[in-house]
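Enquirer: I'd like to ask some things about the structure below.
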Amino acid sequence: MFDGYSPGLWKDNAIIANRVPRDQVITRDLISRGGFGEIYRGTYNREAVAIKMLFPEMRGDLKKVNAFLAEAKLMAGLAHPHIARFVGVSWGSLSDLCVLTELMVGGDLRALLKEFDANGHPQGLNQEKIRIAYHIAQALTYLHSLSPMVIHRDLKSKNVLLTENLDAKLTDFGVSREWQENTMTAGVGTMLWMAPEVMMAERYDEKADIFSFGVLLSELDVQLLPYSHASMQKRSGSSRIPAAGCGDD
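The opening position of the sequence shown corresponds to residue 1 in UniProt numbering, with each subsequent residue numbered one higher.
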């Protein structure tokens, strides 16, 4: 498929070992769109899977293809009950390169919290929410205990997926990296969850994930996006600082 391109991750041993036949991957309906691609519901080997693909206009970009495969390689080396399970990587041509993970039928945490807020679900950290937080804390502890440790760098409610029973699993390792001192890229992640040191292009480590986890805890508590109260007050012309410092949807 990549004839004529300079060497890339498609020749990496981990990618080759986890490649599955493309004609056995059945793509069904679209689940969601992100910044770089789309996720479809599908099946492989009689298992329901999530199929992640780059946007069509990005599939001919070698840099983006390699970044996509780098995420697959990283996920292939992870094994934890609260990290979405990697199933494989597959391609027949540039147009159908995809990464397969287990399908999480409960959707993402942001959608759940939005539903809670719309339906008048009580705010506060009840047992259900604490359990979700505990699952994500376990996933982060695992990532940070690896050698070299892995920093997720984009922890947010949208990247927490849920099972039917609301077991939580961390996903989307597109900007995750093995930590290397003095070489971590600044400004990576999503602004509302981003640690100050990342935002300000300072040196950072796994504590950046812990900051993002704290923001996620505030989401679980009030069920709203971070800093939304501040945004609402800015629109209304109010200068009062909210006591809780948390956001609105």
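Backbone N, C-alpha and C define an ideal beta-carbon position, used for all residues, glycine too. Here the structure is a predicted model, which is why all the values come from computation and not from measurement.
Kindly indicate which residue of 145, 157 and 96 has the alpha-carbon position closest to the one of residue 212.
Expert: Along the sequence shown, one-based indexing puts residue 212 at 212. Looking at the Cα atoms, 157 is the closest of the given residues.
Enquirer: Compare the Cα-Cα distances from residue 32 to each of 24, 124, 51 and 22 and report the closest residue.
Expert: Within the sequence shown, residue 32 is the residue found at index 32, counting from 1. Among 24, 124, 51 and 22, the Cα nearest to that of residue 32 belongs to 51.
Enquirer: Hey, how far is the Cα of residue 196 from the Cα of residue 203?
Expert: As a first step, residue 196 is located in the sequence shown; it is residue number 196 there, counting from the start. As a first step, residue 203 is located in the sequence shown; it is residue number 203 there, counting from the start. If you take the alpha carbons of residue 196 and residue 203, they lie about 10 Å apart.
Enquirer: Ignore the nearest five residues each way along the sequence and tell me which others in residue 66's own chain have a CB closer than 8 Å to its CB.
Expert: On the sequence shown, position 66 is the one that residue 66 refers to. So the qualifying residues of the chain are 8 and 9.
Enquirer: I'd like to know whether the C-beta atoms of residue 84 and residue 169 end up nearer to each other than 7 Å.
Expert: Here residue 84 corresponds to residue number 84 of the sequence shown, with the count starting at 1. Here residue 169 corresponds to residue number 169 of the sequence shown, with the count starting at 1. Against a cut-off of 7 Å, the Cβ pair of residue 169 and residue 84 comes out as a contact.
Enquirer: Please list, in chain order, all residues of the same chain as residue 108 whose beta carbon is under 6 Å from its beta carbon, the five residues on each side excluded.
Expert: In the sequence shown, the residue the question calls residue 108 occupies position 108. Result list for residue 108: 158 and 161, in chain order.
Enquirer: Short check: CB of residue 221 to CB of residue 125, under 7 Å?
Expert: In the sequence shown, counting from the first residue as 1, residue 221 sits at position 221. In the sequence shown, counting from the first residue as 1, residue 125 sits at position 125. Cβ atoms of residue 221 and residue 125: closer than 7 Å.
Enquirer: Determine the burial state of residue 28: buried for a count of at least 16 other Cβ atoms within 10 Å of its Cβ, exposed for fewer.
Expert: Taking the first residue of the sequence shown as 1, we reach residue 28 at position 28. Exposed.
Enquirer: Helix, strand or coil for residue 252, going by three-state DSSP, please let me know.
Expert: Beyond the ends of the chain as shown, which are 1 and 249, falls residue 252; an answer cannot be given.
Enquirer: Are the beta-carbon atoms of residue 163 and residue 106 separated by less than 7 Å?
Expert: Looking up residue 163 in the sequence shown gives position 163. Looking up residue 106 in the sequence shown gives position 106. In contact: residue 163 and residue 106 (Cβ atoms closer than 7 Å).
Enquirer: Alpha helix (DSSP H) containing residue 133: first to last residue?
Expert: Residue numbering aside, residue 133 sits at position 133 when the sequence shown is read from its first letter. It spans 127-145 - the alpha helix (DSSP H) in which residue 133 sits, taken as one unbroken run.
Enquirer: Applying the criterion that 16 or more other CB atoms from any shown protein chain within 10 Å of the CB defines a buried residue, is residue 181 buried or exposed?
Expert: Within the sequence shown, the letter at position 181 stands for residue 181. Confidence in residue 181 is poor, its pLDDT being 49 and thus under 50, which makes the residue's placement unreliable; the coordinate value appears in the next sentence. Classification for residue 181: exposed.
Enquirer: Since residue 59 sits in a beta bridge, which residues does DSSP pair it with?
Expert: Working through the sequence shown from its first residue, we reach residue 59 at position 59. Its beta-bridge partners do not exist; DSSP assigns none.
Enquirer: Can you list, in chain order, the residues of its chain whose CB lies under 7 Å from that of residue 167, leaving out five sequence neighbours each side?
Expert: Counting from one through the sequence shown, the residue named residue 167 turns up at place 167. Cβ neighbours of residue 167 beyond the five flanking positions: 135.
Enquirer: Could you check if residue 141 is buried or exposed, using at least 16 other CB atoms within 10 Å of its CB as the buried criterion?
Expert: The residue given as residue 141 occupies position 141 in the sequence shown. Exposed: under 16 other Cβ atoms inside 10 Å.
Enquirer: Count the other CB atoms, across all protein chains shown, that sit within 10 Å of the CB of residue 145; report buried if there are 16 or more and exposed otherwise.
Expert: On the sequence shown, position 145 is the one that residue 145 refers to. Counting Cβ neighbours within 10 Å, residue 145 comes out exposed, since fewer than 16 surround it.
Enquirer: For residue 199, which of helix, strand or coil comes out of DSSP?
Expert: Working through the sequence shown from its first residue, we reach residue 199 at position 199. Note: residue 199 maps to helix in three-state DSSP.
Enquirer: Going by C-alpha to C-alpha distance, which of 88, 147 and 129 sits closest to residue 165?
Expert: Here residue 165 refers to the residue found at position 165 of the sequence shown. The residue with the shortest Cα to Cα distance from residue 165 is 129.
Enquirer: Return the Cβ separation of residue 192 and residue 117 in integer angstroms, given the expectation that the two are a contact with Cβ distance under 8 Å.
Expert: Counting from 1 along the sequence shown, the entry for residue 192 is found at position 192. Counting from 1 along the sequence shown, the entry for residue 117 is found at position 117. 16 Å between Cβ atoms; not a contact.
Enquirer: If you run the structure through DSSP and keep just helix, strand and coil, what is residue 86?
Expert: To locate residue 86, count along the sequence shown from 1; it is residue 86. DSSP places residue 86 in strand when its eight states are reduced to three.
Enquirer: Output needed for residue 101: all residues of its chain with C-beta closer than 8 Å, excluding positions within five of it in sequence on either side, in chain order.
Expert: To locate residue 101, count along the sequence shown from 1; it is residue 101. Once the five neighbours on either side are set aside, the close Cβ partners of residue 101 are 49, 50, 52, 75, 84, 85, 86, 87 and 171.
Enquirer: Tell me, to the nearest whole angstrom, how far the beta carbon of residue 73 is from that of residue 12; I am working on the premise that it is less than 8 Å.
Expert: Position 73 of the sequence shown, counting from 1, holds the residue named residue 73. Position 12 of the sequence shown, counting from 1, holds the residue named residue 12. Correct: roughly 6 Å between the Cβ atoms.
Enquirer: Can you grab the Cα-Cα spacing for the pair residue 120 / residue 114, in whole Å?
Expert: For this step, residue 120 is matched to residue 120 along the sequence shown. For this step, residue 114 is matched to residue 114 along the sequence shown. In a straight line, the C-alpha of residue 120 is about 10 Å away from that of residue 114.
Enquirer: Please return the same chain residues whose Cβ sits closer than 7 Å to the Cβ of residue 15, not counting the five positions on each side in sequence.
Expert: Residue mapping note: residue 15 aligns to position 15 of the sequence shown, counting from 1. Hits under 7 Å: 9, 69, 72, 73 and 89.
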